[in-house]
Amino acid sequence: MKKNILLISILIISLTSCNFHKNRFQDVDVTDIIIEKIKIKRYEKALFEIDPNNFISELKEISQEYKFFLGSDLDNSQNLIQIRNYISDPKLIDLYKKTIQKYPNLNNLEEELTSVFKYYKYYFPEKPTPNFYSYISGLQYEYPVQRADTVFIISLDVYLGTDFQPYRQIGLPKYKINQMQSAYIVNDCVKIIAKTEFITKNNSRTLLDEMIKSGKTLYLQDALQPTIPDSIKIAYPQKKLDWCYENEGYLWAFVIKNNLLYSADFKKTNKFMQDGPFTSGFSKDSPARIGSWIGWQIIRSFMENNPEISLKEMLEINNSQTILSKSKYKPKK
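Count along the sequence shown starting at 1, add 26, and that's the number in our numbering.
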């Protein structure tokens, strides 16, 4: 009986280990890292709660705190007209009301961001902690989080959840709507950190270059969000993430066999990097952006096989071939 239980346990471990990656960053202790708690300034709330009868005076009252948005010239009639039109637009007012219902406060989000930036300060102590603002973008879903120097701007109206009907009404596909949830806000902030600070633009645009670039971003998410599920980091349903692990050897063999790794032919390689419901040419059980997932595994393998290289040093390596060679990445078929 005991022998049978042991065999079953071994079988379960062997079945689950193929699609489980132990995050080496989960053991990193940041309890001694002291930063000021992230506080998100709610521009949308300050703006839409202005009394229309006291528009100019109340606008000037918030002008210093929200100078980033309002600028310094509130005596300019054109500026005032634009702001008044914005806060009196019925569609934007409705978006604001729905946003306040969804996010009466941002306490949880502030705690999550504070955790991220403790890890950020641990790995990059020389870098400043940014300031955060939220606002109503008017459903600018292509720019959920924006950054200008040390300021991050979060469009809360593009994180109102999968049941928010206006997303479907403007024609957004299901795979995109699935990413418009509160669980992805911090994730998108980390992506912006990677894009603006660490991921340099290379002249070369081979599939390998694009894979490594995306892999670096995802690995930075590993470091700054060590407790977040991989499915959230890469924005895959769990069953599609499982599909990747189950077919990893086949995917890599396909790329090599078809001479895609060093191809710069956009028509051939883009399908591996673009978003969508699945990757063209593969089963509908596959996820989109398979190239990003493969790049992630290459970076993970590189860091596991080169423990002397720090996170910062890895991010600064611009030669994709160097990373691939030293990663010793070779998944089993």
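We put the beta carbon where it would ideally sit given N, CA and C, even for glycine.
Just so you know, these numbers come straight off a predicted model, no measurement behind them.
- request: Can you grab the Cα-Cα spacing for the pair LEU287 / PRO333, in whole Å?
  value: One C-alpha to the other measures close to 26 angstroms.
field: Nearest to ASN131 (by Cα), restricted to the options GLU168, LYS67, ALA290
entry: It is LYS67.
- request: May I ask which residues mark the beginning and end of the alpha helix (DSSP H) holding ALA174?
  value: Here ALA174 belongs to no alpha helix (DSSP H); instead the beta strand (DSSP E) covers 171-174.
query: Going by alpha carbons, who is nearest to LYS128 out of LEU186, ASN105, THR222?
result: When each option's Cα is compared against that of LYS128, the closest is LEU186.
- request: May I ask you to report which of helix, strand or coil DSSP gives VAL177?
  value: Of the three classes helix, strand and coil, the one that applies to VAL177 here is strand, per DSSP.
ALA261 to PHE81 span [Cα, whole Å]: Between ALA261 and PHE81, the C-alpha separation is close to 42 angstroms.
query: What is the residue span of the alpha helix (DSSP H) that ILE282 lies within?
result: Unbroken alpha helix (DSSP H) run through ILE282: 274-283.
message: If distances are taken between C-alpha atoms only, which option among ASP99, ALA290, LEU85 comes closest to TRP112?
response: The question names Trp, yet the displayed sequence has Tyr at residue 112. With respect to the C-alpha of TYR112, the residue from ASP99, ALA290, LEU85 having the closest C-alpha is LEU85.
- request: Could you name each continuous alpha helix (DSSP H) segment of 4 residues or more that falls completely within the region 53-97, going from the start of the chain to the end?
  value: Counting only runs of 4 or more, we get 69-74, 81-88, 93-96.
- prompt: Which word fits ALA174, buried or exposed, when buried means at least 16 other C-beta atoms lie within 10 angstroms of its C-beta?
  reply: ALA174 comes out exposed.
task: Would you mind giving the Cβ-Cβ distance between ILE59 and LYS147, rounded to the nearest angstrom? I have them listed as a contact below 8 angstroms.
output: At roughly 5 angstroms, the Cβ-Cβ gap stays under 8 angstroms, so ILE59 and LYS147 are in contact.
task: Could you check the C-alpha separation between THR188 and THR305 for me, to the nearest Å?
output: CA-to-CA, the gap between THR188 and THR305 works out to about 22 angstroms.
query: Mind checking ARG194: buried by the 16 CB within 10 Å criterion, or exposed?
result: Exposed, since its Cβ has fewer than 16 Cβ neighbours within 10 Å.
- prompt: Of all the alpha helix (DSSP H) runs that stay within the bounds of the region 175-225, which reach a length of 4 or more residues?
  reply: Look at the region 175-225 and you find these whole runs of alpha helix (DSSP H), each 4 residues long or longer: 191-195, 200-203, 211-219.
message: Counting beta carbon pairs with one atom in the region 250-258 and one in the region 205-219, are three or more of them shorter than 8 angstroms?
response: Contact holds between the region 205-219 and the region 250-258, because three or more Cβ pairs, one in each stretch, are under 8 angstroms apart.
message: How far does the alpha helix (DSSP H) with SER364 in it extend, from its first residue to its last?
response: Beyond the ends of the chain as shown, which are 27 and 359, falls residue 364; an answer cannot be given.
message: In this structure, how does DSSP classify TYR149 when only helix, strand and coil are distinguished?
response: DSSP places TYR149 in helix when its eight states are reduced to three.
- prompt: If you draw a straight line from the alpha carbon of VAL56 to that of TYR145, how long is it in whole angstroms?
  reply: Distance between the alpha carbons of VAL56 and TYR145: 6 angstroms.
message: Quick check: the Cα distance between SER346 and THR243, rounded to an integer number of angstroms?
response: Cα to Cα, SER346 sits roughly 14 angstroms from THR243.
task: Between the Cα of THR295 and those of LEU234, GLN207, ASP77, ASP101, spot the shortest distance and give me the residue it belongs to.
output: Sorting LEU234, GLN207, ASP77, ASP101 by C-alpha distance to the C-alpha of THR295 places LEU234 at the top.
message: Looking only at its chain, what residues have a beta carbon closer than 6 angstroms to the beta carbon of GLY321, apart from the 5 residues adjacent to it on each side?
response: Around GLY321: MET237, ILE238, SER240, GLY241.
message: By the DSSP assignment, the beta strand (DSSP E) with ASN157 in it spans what residues?
response: First-last of the beta strand (DSSP E) with ASN157: 157-161.
message: Please list the terminal residues of the continuous alpha helix (DSSP H) segment that includes TYR122.
response: Segment 116-128, the alpha helix (DSSP H) holding TYR122.
- prompt: GLY317: buried (16+ other C-beta within 10 angstroms of its C-beta) or exposed?
  reply: Buried is the label assigned to GLY317, since at least 16 other Cβ atoms lie within 10 Å of its Cβ.
message: I need the boundaries of the alpha helix (DSSP H) containing GLY241, first residue and last residue.
response: Bounds of the alpha helix (DSSP H) holding GLY241 are 233-250.
- prompt: Looking at TYR355 and ILE324, is the spacing between their C-beta atoms short of 8 angstroms?
  reply: ILE324 places its beta carbon less than 8 angstroms from that of TYR355.
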